[in-house]
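Below is one structure, written out as structure tokens; the observations come after it.
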Amino acid sequence: MPEKEPRHTFVVPMKSQKVNENEPVSLETDVNDRDADVEWWHDGVKIKIDGKKYKEERISRKRRLTITAAKIEDHGEYKCTTKDDKTMAQLIVEPLNKFIVQLKDLEVVEKEDVLMTCQTKDTKTPGLWNRNGAKITSMPG
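Numbers 1 to 141, taken from UniProt numbering, label the letters of the sequence shown in order.
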């Protein structure tokens, strides 16, 4: 009777994660056999490990995919597969330019100055001001 090839299964599933844009993130899982080969997928498309954007590590039974600088388009479902099994997780990529202090409604007296402020996470990106959907191009006064 021919010897049956061992099944390669996941013993520790991947965990969903949230990361800020441009930060590194690693997706990890453990397989039952240190010799198990894996493939990585993003939204159903096989990932090409290029050593730049994507790096792969094999440490004993641990398999790790690292995205060196996550982009918005990296958001989605990640899957790691062996010939016999799969594990999946979601990656949420938060945009850098996110409001951390929201614009507040104000009541003001007509013809008086008003100061409106808000704050974003990314302090280098210029902001655009709009009133009733129209871009404000200059400040009166």
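We put the beta carbon where it would ideally sit given N, CA and C, even for glycine.
In this text, all values refer to a predicted model and were calculated from it rather than measured experimentally.
(message) Pull the bridge partners of Thr-66 from the DSSP assignment, please.
(response) Ser-26 and Lys-55
(message) I'd like to confirm the pairing. Which residues does DSSP put opposite Met-88 in its beta bridges?
(response) Lys-79
(message) I'd like the list of long-range same chain contacts for Thr-82, defined as Cβ closer than 6 Å, with 5 residues on each side in sequence excluded.
(response) His-8, Ala-36 and Val-38
(message) Please state whether the Cβ-Cβ distance between Ser-16 and Ala-89 is less than 7 Å.
(response) yes
(request) Consult DSSP for Glu-39 and reduce its assignment to one of helix, strand or coil. (result) strand
(message) Using only the alpha-carbon positions, how far apart do Leu-91 and Phe-10 sit?
(response) 19 Å
(message) Are the CB atoms of Asp-30 and Lys-4 within a distance shorter than 7 Å?
(response) no
(message) Can you look up Ile-49 in the DSSP assignment and give me helix, strand or coil?
(response) coil
(message) Judging by CA-CA distance, which residue of Leu-103, Glu-77, Lys-55 and Lys-52 is the nearest neighbour of Lys-18?
(response) Glu-77
(request) Evaluate Met-116 with the Cβ neighbour count: other Cβ atoms within 10 Å of its Cβ, from every protein chain shown; 16 or more gives buried, anything less gives exposed. (result) exposed
(request) Work out the CA separation of Glu-94 and Arg-58 for me, nearest whole Å. (result) 28 Å
(message) If I follow the unbroken beta strand (DSSP E) through Gln-17, where does it start and stop?
(response) 17–20
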